[in-house]
Every structure is written in C-alpha cells, then in structure tokens.
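Below: one structure, written as structure tokens.
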Amino acid sequence: MKHSEFWQVVEETFGAGYGRSLAQDLVLTRVGGRTAEQALADGFAPREVWDAVCDEMELPDTVRWRHRMDPKEKRRGAPRA
Numbered sequence: 015m016k017h018s019e020f021w022q023v024v025e026e027t028f029g030a031g032y033g034r035s036l037a038q039d040l041v042l043t044r045v046g047g048r049t050a051e052q053a054l055a056d057g058f059a060p061r062e063v064w065d066a067v068c069d070e071m072e073l074p075d076t077v078r079w080r081h082r083m084d085p086k087e088k089r090r091g092a093p094r095a
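Residue numbers for the sequence shown, in this note's numbering: 15 to 95.
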C-alpha cells in the first residue's frame, strides 16, 4: 500500500472530512499511541497504519481489504464504515 492508497481508502471509507479528522485525532494503540498522521510521519508503513485504523474502529474485513478491491466492485457500492 502506498501513501496515496492509504488516503484514498480513508476517504472512501469515512468520507473526506471525517477521514482526515480521524487521521489527525484517533490515537492508535497498535502504532505506539500515535495518530495515523503521526505514524505515517514517523515512518510506519501505510499498510500497518491502515490495519491499526481498522483494528481501532473494529472495521470488517470487507473494509480492511478495500484497497485491494477491483475498481468495478468499488463502483457497485462496497460498504462504508
């Protein structure tokens, strides 16, 4: 997962405004008590940060693997968080 894919999946899952807010404010225990933005800035892999967000928000696997989904499936209405 690239940084751009991380931000894309955050926005697809939570919406642009809420997703950015979540990345700034939600403390993720899995990455040492950092927010997603802090973890990315500190060098954590985007995939690891996304997994931490999914764990913290208790998202289902259908959302966790959204970045691997075929774009056609996304257009058909993959579930949002």
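Backbone N, C-alpha and C fix where the C-beta goes; we use that ideal spot for every residue, glycine too.
Distance from the CA atom of Arg78 to the CA atom of Asp56, rounded to whole angstroms, is 22 Å. Taking 8 Å as the upper bound for CB-CB distance, Val63 and Phe20 are in contact here, some 6 Å apart.
Secondary structure of Leu40 (DSSP, three-state): coil. Around the Cβ of Val24, a 10 Å sphere holds 16 or more other Cβ atoms; the residue is buried.
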